[in-house]
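Q: Just dropping this structure here.
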Amino acid sequence: MGNEFTTVIQVSKQFLSSEEIKQSQESSLMKDQQYQNYVSKKQEVMRFLRFLIIRLKFPIRVLQVTSYLFQRFFLFNSFRKYSSYSHEIAVTCLFLSIKMNDCIRKSRDLILVAHDIRLSPPLNSDEVVKDESDLTHILAENKVDEQRKKVLYFERLILECIAFDFRHNNIEDYLIKFSKTLSLHPQVGYISWLVSVDAMMTEVILKQSPHVIALSSIVLAKLLYPEIFTDKMVITELDSLDLKYSRFQCERSQIYESVNEMMEFYMSKNQLANSFLFDFLPKDLKFNDLVINLKLELPNHFDIPPNKRKAEATINKDDLFYKERDYEIGKAGTILFVYNND
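For the sequence shown, the residue numbers in my numbering are 21 to 362.
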């Protein structure tokens, strides 16, 4: 493809439909039958990122952009080709995310701590915090330089992959505003926040804008709370909660799709190991069974007929946007990166 074009226009598209994601994965994952390997590796990387963010004392909001960039990269790049560099790509995504969230740290710090975590993976979040006063002994300086070069290399690929589109809004900001508007009980607000953090590790962040994810997290927290806790006063407050989606510039279908996908995350026992919400819940709770039962009733909560299916949008399969990225174009020709109106 690099020899066929001298000038290419690459449009930035922040959020994609399920059909568009599936079409993009045809090139990056499906053609090599790598999808299950990718899912497994993504779970491993998200756990690694969780520990890395906690260890470096970054605000959890940096996980949102980090996860978005990581998943976005493997939408448009061959997993078979780059799977062995998954952790280096994850560190690069985190490096970009902290710059976009004004939490500046040197790449050297990230590389050293990331290497230490990979050498001695913590069993849980309580084991993460360590003294960072001296990590220089764990990796020789020439190895640090090698890793830094990899970070710079993948940084360029990721920036081209997102068309240098740095626009982003934090889910957390919307969640705080919505919680205040709805006068949510603090415990329900906290559960909503935990759900929103878990949502950052799913494909929801590739599909929906932050305000939709924030409201979806509140909706899911509202469904979960009465099944887990017995505080009648809070449950009564939730029953009277007026969730008019249009009031928050959201569509019913968007909330339904987001909540449905978040529930699928909780239905996977492997993914529960990464869940912030699951760590908060009572240990004897059969959470997996609870979510399965709620998911079966989900269409009723949204007044959606069981047999009603969303019509799939028509996608031009020959559109280069959905193809694997060719980074050789920029070496011999020109790429014009253009923002869209999402």
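Glycine is no exception: its CB is placed at the ideal position from the N, C-alpha and C atoms.
(1) In the DSSP output, what is residue 357 paired with across the bridge?
(2) Ends of the alpha helix (DSSP H) at residue 313?
(3) With 16 other CB atoms within 10 Å as the buried threshold, where does residue 329 fall?
(4) DSSP state of residue 203, grouped into three classes?
(5) Could you check if residue 169 is buried or exposed, using at least 16 other CB atoms within 10 Å of its CB as the buried criterion?
(6) Could you check whether the region 97 to 105 touches the region 44 to 57, counting it as contact only if at least three pairs of C-beta atoms, one from each stretch, sit closer than 8 Å?
(7) Counting C-beta neighbours from all protein chains within 10 Å, is the total for residue 207 16 or more, i.e. buried, or is it exposed?
(8) Could you tell me the boundaries of the alpha helix (DSSP H) in which residue 165 lies?
(9) The alpha helix (DSSP H) with residue 55 in it runs from where to where?
(10) Any idea if residue 337 is buried or exposed, counting beta-carbon neighbours within 10 angstroms, 16 or more meaning buried?
(11) Could you have a look at residue 336 and say whether DSSP puts it in helix, strand or coil?
(12) Considering Cα atoms alone, identify which of 320, 323, 284 is closest to residue 307.
(13) Where does residue 271 fall in DSSP's three states?
(14) Spatial neighbours of residue 22 within its chain, please: CB distance less than 7 Å, with the 5 preceding and 5 following residues excluded, ordered by chain position.
(15) For residue 238 and residue 68, what's the separation of their Cα atoms in angstroms?
(16) Is residue 122 helix, strand or coil when you go by DSSP?
(17) Within its chain, find whatever has a CB closer than 8 Å to the CB of residue 235; leave out the 5 residues flanking it on each side and keep chain order.
(18) May I ask you to report which of helix, strand or coil DSSP gives residue 346?
(19) Please classify residue 107: does DSSP put it in a helix, a strand, or coil?
(20) Reducing DSSP to helix, strand and coil, say where residue 288 ends up.
(21) Are the region 170 to 187 and the region 103 to 121 in contact at 8 Å, needing three or more beta carbon pairs?
(22) Quick one: what's got a C-beta closer than 6 Å to residue 246's C-beta in the same chain, skipping five residues either side?
(23) Count the other C-beta atoms from every protein chain shown that fall within 10 angstroms of the C-beta of residue 160, then say buried if there are 16 or more, exposed otherwise.
(24) According to DSSP, simplified to helix, strand and coil, what is residue 329?
(25) Quick one, which of 40, 32, 33, 27 has its alpha-carbon nearest residue 334's?
(26) My guess is that residue 182 and residue 95 are in contact by the Cβ rule of under 8 Å, so how many angstroms apart are they, rounded?
(27) Are residue 233 and residue 216 closer than 8 Å when you measure CB to CB?
(28) Residue 321: which of 50, 85, 279, 78 sits nearest, CA to CA?
A: The structure says:
(1) Here residue 357 refers to the residue found at position 337 of the sequence shown. 30.
(2) Start at 1 with the first residue of the sequence shown, and residue 313 comes out as number 293. Segment 307 to 321, the alpha helix (DSSP H) holding residue 313.
(3) Looking up residue 329 in the sequence shown gives position 309. Note on residue 329: pLDDT 49, under 50, position unreliable in the model; no value is reported.
(4) For this step, residue 203 is matched to residue 183 along the sequence shown. Looking at residue 203 - three-state DSSP - the assignment turns out to be coil, as it is neither helix nor strand.
(5) For the purposes of this step, residue 169 is taken as the residue at position 149 of the sequence shown. Residue 169 comes out exposed.
(6) yes
(7) In the sequence shown, residue 207 corresponds to position 187, counting from 1. So residue 207 counts as exposed.
(8) The count along the sequence shown starts at 1 and reaches residue 165 at position 145. Start and end: 161 to 181.
(9) Numbered from its first residue, the sequence shown carries residue 55 at position 35. Residues 55 to 75.
(10) Numbered from its first residue, the sequence shown carries residue 337 at position 317. Label assigned to residue 337: exposed.
(11) Along the sequence shown, one-based indexing puts residue 336 at 316. Three-state DSSP puts residue 336 in coil, outside helix and strand.
(12) As a position in the sequence shown, residue 307 is number 287, starting the count at 1. Ranking the options by Cα distance to residue 307, first place goes to 284.
(13) Here residue 271 corresponds to residue number 251 of the sequence shown, with the count starting at 1. Residue 271 falls in the coil class under three-state DSSP.
(14) For the purposes of this step, residue 22 is taken as the residue at position 2 of the sequence shown. Confidence in residue 22 is poor, its pLDDT being 47 and thus under 50, which makes the residue's placement unreliable; the coordinate value appears in the next sentence. Closer than 7 Å at the Cβ level, and outside the excluded window around residue 22, lie 346, 348, 349, 352.
(15) Residue numbering aside, residue 238 sits at position 218 when the sequence shown is read from its first letter. Residue numbering aside, residue 68 sits at position 48 when the sequence shown is read from its first letter. Approximately 27 Å between the Cα atoms of the pair.
(16) Your numbering for residue 122 matches position 102 in the sequence shown. Residue state, collapsed to three classes: coil.
(17) The residue given as residue 235 occupies position 215 in the sequence shown. The residues are 194, 198, 263, 265, 268, 270, 275.
(18) Here residue 346 refers to the residue found at position 326 of the sequence shown. Three-state result, residue 346: coil.
(19) Residue 107 sits at position 87 when you count from the first residue of the sequence shown. The answer is helix: DSSP assigns residue 107 an H, G or I state.
(20) Residue 288 sits at position 268 when you count from the first residue of the sequence shown. The answer is coil: DSSP assigns residue 288 none of H, G, I, E or B.
(21) yes
(22) Translated into positions along the sequence shown, residue 246 becomes position 226. Counting only Cβ-Cβ distances below 6 Å, and skipping sequence neighbours, we find 255.
(23) Here the question's residue 160 lines up with position 140 in the sequence shown. Exposed.
(24) Mapped onto the sequence shown, residue 329 falls at position 309. Note that residue 329 scores a pLDDT of 49, beneath 50, so its modelled location is shaky and nothing firm can be said.
(25) Taking the first residue of the sequence shown as 1, we reach residue 334 at position 314. Residue 40 is the option with its Cα nearest to residue 334.
(26) Indexing the sequence shown from 1 puts residue 182 at position 162. Indexing the sequence shown from 1 puts residue 95 at position 75. With 8 Å as the limit, residue 182 and residue 95 do not qualify as a contact, their Cβ atoms being about 10 Å apart.
(27) In the sequence shown, residue 233 corresponds to position 213, counting from 1. In the sequence shown, residue 216 corresponds to position 196, counting from 1. Cβ distance < 8 Å, so residue 233 and residue 216 count as in contact.
(28) Against the sequence shown, residue 321 aligns to sequence position 301. The residue with the shortest Cα to Cα distance from residue 321 is 279.
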